[in-house]
Structure formats: C-alpha cells, structure tokens
Amino acid sequence: MIKKFDKKDEESGSGSNPFQHLEKSAVLQEARIFNETPINPRRCLHILTKIIYLLNQGEHFGTMEATEAFFAMTRLFQSNDQTLRRMCYLTIKEMANISEDVIIVTSSLTKDMTGKEDVYRGPAIRALCRITDTTMLQAIERYMKQAIVDKVPSVSSSALVSSLHMVKMSYDVVKRWVNEAQEAASSDNIMVQYHALGLLYHLRKNDRLAVSKMLNKFTKSGLKSPFAYCMLIRIASKLLEETEAGHDSPLFDFIESCLRNKHEMVVYEAASAIVHMPNCTARELAPAVSVLQLFCSSPKAALRYAAVRTLNKVAMKHPSAVTACNLDLENLITDSNRSIATLAITTLLKTGSESSVDRLMKQISSFVSEISDEFKVVVVQAISALCQKYPRKHSVMMNFLSNMLRDDGGFEYKRAIVDCIISIIEENPESKETGLAHLCEFIEDCEHTVLATKILHLLGKEGPRTPSPSKYIRFIFNRVVLESEAVRAAAVSALAKFGAQNDDLLPSVLVLMQRCMMDSDDEVRDRATFYMNVLQQKQKALNAAYIFNGLSVSVPGLEKSLHQYTLEPTEKPFDMKSVPLANTPITEQKTEFAPVATSKLPEKPGPTRQDIYQEQLAAIPEFQGLGSLFKTSEAVQLTEAETEYVVRCVKHTFARHMVFQFDCTNTLNDQLLQKVMVQMEPSEAYEVLHYVPAANLPYSQPGSCYSLVRLPEDDPTAAGRPGGDRSRPHPEGVKA
5 MIKKFDKKDE ESGSGSNPFQ HLEKSAVLQE ARIFNETPIN PRRCLHILTK
55 IIYLLNQGEH FGTMEATEAF FAMTRLFQSN DQTLRRMCYL TIKEMANISE
105 DVIIVTSSLT KDMTGKEDVY RGPAIRALCR ITDTTMLQAI ERYMKQAIVD
155 KVPSVSSSAL VSSLHMVKMS YDVVKRWVNE AQEAASSDNI MVQYHALGLL
205 YHLRKNDRLA VSKMLNKFTK SGLKSPFAYC MLIRIASKLL EETEAGHDSP
255 LFDFIESCLR NKHEMVVYEA ASAIVHMPNC TARELAPAVS VLQLFCSSPK
305 AALRYAAVRT LNKVAMKHPS AVTACNLDLE NLITDSNRSI ATLAITTLLK
355 TGSESSVDRL MKQISSFVSE ISDEFKVVVV QAISALCQKY PRKHSVMMNF
405 LSNMLRDDGG FEYKRAIVDC IISIIEENPE SKETGLAHLC EFIEDCEHTV
455 LATKILHLLG KEGPRTPSPS KYIRFIFNRV VLESEAVRAA AVSALAKFGA
505 QNDDLLPSVL VLMQRCMMDS DDEVRDRATF YMNVLQQKQK ALNAAYIFNG
555 LSVSVPGLEK SLHQYTLEPT EKPFDMKSVP LANTPITEQK TEFAPVATSK
605 LPEKPGPTRQ DIYQEQLAAI PEFQGLGSLF KTSEAVQLTE AETEYVVRCV
655 KHTFARHMVF QFDCTNTLND QLLQKVMVQM EPSEAYEVLH YVPAANLPYS
705 QPGSCYSLVR LPEDDPTAAG RPGGDRSRPH PEGVKA
C-alpha cells in the first residue's frame, strides 16, 4: 500500500525519513523473526535495512547484542530470495568488526562465491574478504585467483577491489596474484581494466622502476577504459614530480597526447595534470589552457565548472596564460549555475584590466547573495588580490566589501572580508578613514569575539592618528558596555592608546577608565587600573613602554622561565631580563614613539623545538619512563595535500625507545573523527608497545596520536642507545 501525502504533510516534513525515530532495542527485538519458520523475506529485508541504517548513523551496538543479531541473521541464508541474500551480504560487511565469530558464515559465502548464481558471486566475494584474516587467506587464494580472471565483469571487479583492500593486510599473499591481475588488465570491460590497473599499481608503488615499466607497457599498448587512462595520468604526473624529470620526458609527452583522447574525462585529467605541474612555462601550459577554453562552452555544467575552476587556479600563477579565455569567461558570468558564475568572475578579476573592474563589481553584486559562503570567500580573496594589483580602485572595492559585511554569513566569510579591508587600509593610506568607519559599523552587531578584538586592536593602532580620533571613542566604549569579557578587555586597551597619543582626549579617556574599573570581570578591571595609573603620569616614555610596545619577550620562553622559577624555591624576585627576547619583531605594535631600549638584555636562546617536544611527551602517562629525549626528526608528510586526511610524522628517539608522533588534520567538513590512531607494522625485533589515539579530530583542527616502539637490544645502529653509533640515522625498521 502506498501512502499518499498532501501538500501540508510535505511542508511539515512528515514521511521524509521513515527511520527517523528508530530505537535500537526495538529493532533488535524485531530481529527475532529471523528465527521463525518459514522465513518472511519482505519483513526480514525491512529489519536488516533498519539495522544497517542504525549502524551508519553511528549507533553503538554492544558485542553481545551485535553477535546475537548476527547469528540470527545467518539463518536467512536458507532463503533463496535474491534481494534478501544480497542484503545479508551487506549486513555481514557492516557487522564484521563488532560481532564475534563472524567466521561462521565462511562456508556459506564460499559456496555462493563458487556457485552458478552470478548475482551472488560478486557480493559474496566482497563479504568474504571483509571477514577473512591472514590465517584464512591462503585457504581462499585459489578461489580468488579464479575470480580475478572470471569472464563475468562484476565478479572480476569484486575480486580485484577486494584484493586491493587485502594488500594492507597481507601484501605477500596478494603479490602472488600479479599474473591474474595483468590478465584482467587486458579485459574489454572498462571497470575491470581500471580495477586491475589500480591493484597492479598498489603492488608496485614502492618500486619506482617497476612503476616506470608498467607505465611504459600501458602507454604503448593503449587502454580501453577512460578510468584507467585517468589513473595512468595521475601515476605519470606523480612519477614526473618525484624524479624531477623535465618536460622533455616521455611521460610528459604521454600526458600531452591524452589531451587528444576521445573521452572528455581523460582530456580534462590530462589538462589538470599539466597545469598543476611545478615550473610549467606559459608555452607548455598553452595546449592545456586551449582545451579548458573549449570546455567553457560545453553544454555540460560539470565540464564548465571543472574548466573554470582549473583556469582559476592557473590565473593565480600565470594570469597572462588565461587572458586568451577572457571572452569565454565573460559569457559564463550569466551562467545559471552560480558556482560557475562565481569562479568565472573571480578568474576575470585576476586576469582583467583596470578599466573592467567597475563592470565586474556590478555583475558580482547582482548574484553574490545567492551563492554559498565558500564561494563568497573565493570572491573576497580575488578582490583582495585585485586591490594589490590596482590600488586606485580601492574605493569601489571598499564599498562593495562594506555591503558584503552587512549580509548574513559565517565566521570564515566575515573574517575574509575584515582581513581584506585591513589589508586595503594598510596599503592605501587615503582609504584609512573610510575603512575604519565600515569596521566600526560592523562591530556594532558583530557576534564573533575574534573579529571584534582584531578590529579594536586596529582602531587603537590607527584611530589616534586620524584627523578626528574622537569619533571612534563612542564605538570603542560601546563595546565596554555591551560585549563579552574578552572584547571589553580589548576595548580598554584601545581606549588607553587614544589617551596616550591625544592630550585633548586624555581627560575623557580617564573618566571612561574610571567606569571600566567597576567592571565585573577582573581582567577588564586590572587593565583599566593599570592604564589609568600610567596615563595619569603623562610621560611619553611610560606610555611607550607600557601601552604601545607591550610584551617584547618570547611568550613560550616566559612560560618556561616562570615554570623553572616555581620549581626552584628562592627569595630572589623573578627577573624579566632572564627571559629570551621574541625572535621576530611585533609588527602590530610599531608606533611613532621610541621603544624601550632592549640592547642590554642578555641574548639567551628561546626554548628549542626539542625542549617543547620533551615537555609535551612527558605530559603523556605512557611516555613518562622513557628518560631524556635524544633526537627529534623533521616532520615528514605521509599523505598528499588533496586527501581527506592529512598526516605528518615526527620521530622522537630515546635511549631504548622511539615515539612516532602523527600530526593529523581532518579536511572533511561534515565529519568528526574520534579515537584516531595510526596502526604500524613493525619489522622483526621492533615491537609496538602502546598506541595513544587522538580523542577527537574536528574539521580543520589538527590533532596528534602517538605510537611507542621498543628498539631491539642487539641493534648497534639504533641512534641514541648507550654505546651505539650516534652518528647513524634513525632505524627505518618500522613503517606506518
């Protein structure tokens, strides 16, 4: 029976998700019907769907309840219903890691894998390989070899993809299947050929010579699969980058020849690979840019978007190479797809002339409210680059940016606009008052503390030196009255700078400071009291030392010195002169007043990178008994910049152990990663003692996880070991 919804139901959202209010306990209770005879395929199918839905929503299943549900589900293999059987395969894959004794279904899966029903064979292979461990792999090796070269494409692809996953588990066993994979690479089916090439590459990727031979073979013999061609292009461009081969290399010729391929995806992949190569000249870019120019007029929105996005990246380094496409890009400004129109305009902003700026800004304003924050940030970044290129157009840019500030938007979008306005103010003195006025208006309704404090700091730095500084006082004091503690404290500091530089305003500022001394927050009261006493002295030297120049020492160094002072009881007061100076000048605190002389302070080095790591590792309970840190390596990038998760590794060597620190960044804005850990495969004599996972890894916030490895007792090459050769490099016996 089909339930009919009227318009009112659709608007209220009822019926949009039938599984929205599922309860795990109720679903597990329903799963008891798996044990009934005869089996009802339709009801069982519905319950399996609910279980898979809950698992994918992150619902936690205990080991006991997951195992019970799994064993009940295995009875469904008695049914010959095709849809139910395939749903069983899916459930096995989802529950493989949380249920115990999943290996019990091996015989059923092996039977389906080698049976006559082609519909079952592919999914059965994928499910079987998901529950197989290294001890069982050899038992199914013969079946896997046969499946890889099977005449049915779905079976062959399933076997190849499963083999690719098992490479991580048992590389040596899967490597024996190379001959079958090579045979599959000559298949007429495009997906089989693509998956076979992927398996061959992953088996050889650590051997550069083997990868080169594979590339030579396939580039000469040719491929039928456009997906395989795209993979070949990526492998070739990576090899070109690693070997630093010039553009006269046969690999570059192969990539360039793919620009003439009959498949659009291959042509685009080749063009993208060329424009992303380092040290490419405008002449070498020309063929790729010509292809992208043709794609700009394609009837397919995906191709237009890909072309204009790639041209946008080219325009950052080689704007002259994109100038020939300006006419095509202008036609895309009116594109119905706003993402394409945005990228077209930002590309034109990078390549256009000064005379076209006004026209482009009018065109942007017509649709900027309709695009997402992500693309608005792209527009703002393009405007910022344009301001540097054509400083005389700052008034047009400033008006446009002020209008964007009034629109709704997230933090990143607002921060991009504020940064752009600040950069215009710093580069164009005549735009200072206009820019400050726009920023003052913005902080009246600003809900982001970071942006409010940043603007208040700028007002304190630039406001006192404007022709009429008094007009900014009202905006600053409003923050003291209306805002949070951090913003109020920043406002007090900004007021002090006005009083220190303008004698006419000093009495008014002192009155406002007295009011701030009654604030409910101790930080605000302390700042107001301190600045009040300094300003009352009316001495420029004091103002310069305590209001303008601020802290001239290294903050990490100050923290370390204070900590050391508390560890050693003494009656001697703490001496700021013992703290190392900041390594870089504090540019934000430059003023027309002379800073306090610091040349007589002792030049002590700040805490080294190794000192900081020593303290960080000592704070982790698992590493407290390791002794002193002997050596810390430079960070090594383990992943490519475009991947979902970016991982860097730092090796810390102790007397008898090594700690591998993995700095991870999650680049997926819709996922929160928890208990992040990097598994390691030690070679003989090396033993992994502990894994310390990162508890949470939110989007774009870096976190660290650690692996503690014991060094072998009889290895004289282990650096840092007493009596060992300390000049040798770190042992490479462990790989992540």
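Every number in the working numbering is 4 more than the matching position in the sequence shown, counting from 1.
Each residue gets a CB set at the ideal place from its N, CA and C atoms; glycine is no exception.
The structure presented is a predicted model; accordingly, all values stated were derived computationally and were not measured.
| Check | Outcome |
| --- | --- |
| Residues that DSSP places opposite Thr574 in a beta bridge | According to DSSP, Thr574 bridges with nothing at all. |
| Sub-8 Å separation of Ala128 and Asp116 beta-carbons | yes |
| Counted within 10 angstroms of its Cβ, other Cβ atoms place Glu2 as buried (16 or more) or exposed | Given that the chain is displayed from residue 5 to residue 740, the structure contains no residue 2 and the question cannot be resolved. |
| Limits of the beta strand (DSSP E) - the one that Gly4 falls within | Look at the range of the chain in this structure, 5 to 740, and you will see that residue 4 is not part of it. |
| Close-in-space but distant-in-sequence residues of the same chain around Glu34 (CB under 7 Å, 5 per side omitted) | Ile51 |
| Beta-carbon proximity of Leu662 to Leu701, cut-off 8 Å | The residue asked about is misnamed: residue 662 is Met in this sequence, not Leu. Contact: no. |
| Asn21, buried or exposed, once every other Cβ within 10 Å from all chains shown has been counted against 16 | exposed |
| Contact the region 689–708 vs the region 662–680: 3+ CB pairs below 8 Å | yes |
| Boundaries of the beta strand (DSSP E) in which Met662 is found, first to last residue | 661–670 |
| Rounded C-alpha distance that separates Arg308 from Ser302 | 6 Å |
| 8 Å Cβ shell around Ile616 - same chain, five flanking residues per side excluded | Pro560 |
| Residues bridged to Asn700 (per DSSP) | Gln678 |
| For Leu227 and Val196, the rounded distance between their alpha carbons | 12 Å |
| Sequence-distant residues of its chain with Cβ nearer than 7 Å to Gln24 (five each side left out) | none |
| Residues that DSSP places opposite Lys635 in a beta bridge | Thr657 |
| Start-end ranges of the beta strand (DSSP E) lying completely within the region 260–312, minimum 3 residues | none |
| Ala598 (DSSP reduced to helix, strand or coil) | Confidence at Ala598 is low in this model, with a pLDDT of 34, below 50, so the placement of that residue is unreliable and no value is reported for it. |
| Nonlocal neighbours in the same chain, by C-beta distance under 8 Å from Tyr60, ignoring five residues either side | It should be pointed out that residue 60 corresponds to Asn in this sequence rather than to Tyr. Closer than 8 Å at the Cβ level, and outside the excluded window around Asn60, lie Glu98. |
| Nearest neighbour of Ala240, chosen from Glu688, His267, Ser276, Met173 [CA to CA] | Ser276 |
| For Arg146, three-class secondary structure by DSSP | helix |
| Contact the region 281–299 vs the region 337–351: 3+ CB pairs below 8 Å | no |
| Residue span of the alpha helix (DSSP H) that contains Val491, given as start and end | 489–505 |
| Alpha-carbon spacing of Met517 relative to Ala532, whole angstroms | 6 Å |
| Residue(s) in a DSSP beta bridge with Val215 | Note: Val215 sits in no beta bridge, so no partner. |
| Reference Ile429; option with closest CA among Phe446, Leu463, Leu409, Glu416 | Leu463 |
| Pairwise C-alpha distance: His280 and Lys317 | 9 Å |
| With 16 other Cβ atoms within 10 Å as the buried cut-off, status of Met632 | Looking at the sequence shown, residue 632 is not Met but Ser. Exposed: under 16 other Cβ atoms inside 10 Å. |
| Residue nearest to Ala163 in terms of C-alpha spacing, selected from Phe404, Gly126, Ala70, Ser225 | Gly126 |
| C-alpha distance - Pro606 paired with Ala495, whole-angstrom precision | Any reading at Pro606 is ruled out, since the residue's pLDDT is 42, under 50, leaving its predicted position unreliable. |
| Through-space distance from Gln641 to Pro726, alpha-carbon basis | Bear in mind that the predicted position of Pro726 carries a pLDDT of just 39, short of 50, making it unreliable; the figure below should be weighed with that in mind. Going by the C-alpha atoms only, they are around 30 Å apart. |
| Inter-residue spacing [alpha-carbon to alpha-carbon] between Ser474 and Arg410 | 24 Å |
| 8 Å Cβ cutoff met for Glu104 and Thr139 | no |
| Touch test, the region 424–438 against the region 448–456, Cβ-Cβ under 8 Å, three pairs minimum | no |
| Length of the line joining the Cα atoms of His398 and Ile551 | 32 Å |
| Nearest to Ala659 (by Cα), restricted to the options Val651, Ala639, Lys635 | Lys635 |
| For Ala498 and His461, the rounded distance between their alpha carbons | 6 Å |
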